[in-house]
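Top line first, the protein sequences correspond to chains Z and A.
Numbering-wise (our numbering), the first sequence opens with residue 9 and increments by one.
Numbering-wise (our numbering), the second sequence opens with residue 350 and increments by one.
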Amino acid sequence: MPKFRKETQVTSVTDTSSSLLGKAANATPAPIASRIRGISDRSMAWLFITPAIVLLLAINIFPLIWAIYLSFTNFRANRPNAPIEGVGLSNYSRVLNDPNIWQAMQTTAHFVFWTILLQTLIGFSLAYLIDRKFRGHAFWTTVILVPMMLSPAVVGNFWRFLYQPQIGLFNYIVSFITGVPPSSFEMLGSVQLSPWAIIIVDTWMWTPYVMLICLAGLRSIPDYIYEAAEVDRASLWRQFWSITLPMALPFIMLAVLFRGIENFKMFDMVTLLTGGGPGSTTEVASITLKREAFESWRTGRASAFAIILFVAVFGLANIYVKALNKVKQR
Amino acid sequence: MTAQTPVPSKQKRPFFLRRGPMENIATGLIGLGFLMLFQPFLLIFYTWSLVTLLAGTLIFIIVSKFPE
């Protein structure tokens, strides 16, 4: 094995020299050094990757398989000693015939659609403006990124104050613009307004994230393409539709994918702002899931619901990755 | 007149073993299942959404392993 012979030669040269490295090599106990030298590259790779794989299996894969198993049983987490019986597909059947869960799905769809639409439009527009490199653009980029860096718990709490009808700043700004008295409407207490209150907060918090990804896309477009377009006397509008948008599209799609998956799981902000109310107007799927699992203690049914959501997001992500690859290949 | 070597005709794979069309069918099923899951019109669509989604996802996983 020539590779080993080479290593031995190098080692012997190092040993003979009186350099610091040689001394360190000599100080290493011989059995350990020989044991390490005996490991192949492949084994070494496995050695490094094994902790990550074990962690992934323990934290992600095992709970997933356990949840699939529980979804076919009558297990209740508040009665851990009760015998677990298989119920077949009955949990799935109940979840898929429950009008309340169906309603929660519609609320989730409404929330996901509007947040993604607004975040993408505003995020891309902001990225386009920041990319112009005006005076102080680095400062404004940092300012715009601040909401994203805050904890959702902090954001939820201070937006509750902002939405207060008596002292809230939001109501006063709306009143200043529209002339409607500030205490005449309640963003979090109204059936019509509460879904929009959550959409506004989520858009405020996560638009910078979309902006950041879009900015990376815009910065990756080489200048010479624009220079060639200018030589061809292409208008700014034409440059935008023929160069900027198609070349930034994979990045926009990536941002939409990330935000879409995150928003399907939205829980913290809704809990902090409305808790699913008034009534069940803002009860998104994750809140219904939590109620099934930890208030009604129907763990089996909650697991079935979680698996349904997982299949939906997984299926959509598959289509999305396929579309993303097609766009990249163009 | 030049003699030409006869080119053996390439056998076409059956429709259900071709990656392109089957991937399109799977994508269509996933999209349909997704719409059925979140639509606000008929409960029966919501009830059958998981089956549609699952079928689409399984087909997609299998056919994406087929050669181009």
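Using N, Cα and C, we set each Cβ at its ideal position, and we do this for glycine too.
Item                                                                                                                         : Value
Candidates Z:N108, Z:M219, Z:F119: closest to F8 of chain Z by CA position                                                   : This structure cannot speak to residue 8 of chain Z, because chain Z is shown only from 9 to 338.
Proximity of M261 of chain Z and Y328 of chain Z at Cβ, strictly below 9 Å                                                   : yes
Alpha-carbon spacing of L402 of chain A relative to L65 of chain Z, whole angstroms                                          : 25 Å
Cutoff 9 Å: S288 of chain Z Cβ touching any chain A Cβ                                                                       : no
Within chain Z, partners of F389 of chain A - CB distance below 7 Å                                                          : Per the sequence presented here, residue 389 of chain A reads as Pro, with Phe not at that position. Result: Q114.
Neighbouring residues, chain A, relative to V335 of chain Z (Cβ below 7 Å)                                                   : Correct list: empty, because the minimum Cβ distance to chain A is about 15 Å.
Contacting positions in the segment 184-204 of chain Z - beta carbon closer than 7 Å to chain A                              : none
Contact with chain A by W110 of chain Z, beta-carbon distance below 9 Å                                                      : yes
Residues, ordered as in the chain, of the segment 317-331 of chain Z that lie near chain A by beta-carbon distance below 8 Å : V319, A320, F322, G323, L324, N326, I327, K330
Neighbourhood of L386 of chain A by C-beta, 6 Å cutoff - its chain only, sequence neighbours within 5 removed                : S398
Contact set between F383 of chain A and chain Z, taken where Cβ atoms lie within less than 8 Å                               : A320, G323, L324
Chain-ordered chain Z contacts of G405 of chain A [CB-CB under 7 Å]                                                          : G323
C-beta atoms of T348 of chain Z and T289 of chain Z nearer than 9 Å                                                          : Outside the displayed span of chain Z (9 to 338) sits residue 348 of chain Z, for which this structure offers no information.
Where G94 of chain Z falls: helix, strand or coil (DSSP)                                                                     : strand
F409 of chain A: contacting residues in chain Z (beta-carbon distance under 9 Å)                                             : G323, N326, I327, K330
Per-residue burial, T354 of chain A [other beta carbons within 10 Å of its own, 16 or more giving buried]                    : exposed
Proximity test, Cβ basis, 9 Å: P107 of chain Z and chain A                                                                   : yes
C-beta neighbour in chain Z for G380 of chain A, strict 9 Å                                                                  : yes
Where T354 of chain A falls: helix, strand or coil (DSSP)                                                                    : coil
Among Z:V120, Z:I315, Z:A161, nearest to I269 of chain Z - alpha-carbon criterion                                            : Z:V120
Contact list for T354 of chain A against chain Z, beta-carbon separation under 7 Å                                           : Here the premise fails: no neighbours, minimum Cβ distance about 35 Å.
Whether M113 of chain Z touches A242 of chain Z by CB criterion (9 Å)                                                        : no
DSSP three-state assignment for K14 of chain Z, whether helix, strand or coil                                                : A caution first: K14 of chain Z carries a pLDDT of 45, below 50, which makes its placement in the model too unreliable to give a value.
For P160 of chain Z, the nearest candidate out of Z:A237, Z:M277, Z:I47, Z:S51 (CA to CA)                                    : Z:M277
Pairwise C-alpha distance: R246 of chain Z and A256 of chain Z                                                               : 15 Å
Partners in chain A for L104 of chain Z, counting only beta-carbon separations shorter than 7 Å                              : Y395, T396, L399
Neighbour flag for E417 of chain A against chain Z, beta carbons, 9 Å                                                        : no
Spatially closest choice to S192 of chain Z from Z:V199, Z:Q200, Z:S183, by CA coordinates                                   : Z:S183
C-beta contact flag for R102 of chain Z and R309 of chain Z at 9 Å                                                           : yes
Length of the line joining the Cα atoms of P286 of chain Z and D240 of chain Z                                               : 58 Å
Same chain only: Cβ atoms within 7 Å of E300 of chain Z, ignoring 5 sequence neighbours per side                             : R306, R309, A310, F313
Cβ of I301 of chain Z within 9 Å of any chain A Cβ                                                                           : Note that residue 301 of chain Z is Ala in the sequence shown, not Ile. Answer no: the Cβ-Cβ gap between A301 of chain Z and chain A never drops below 9 Å.
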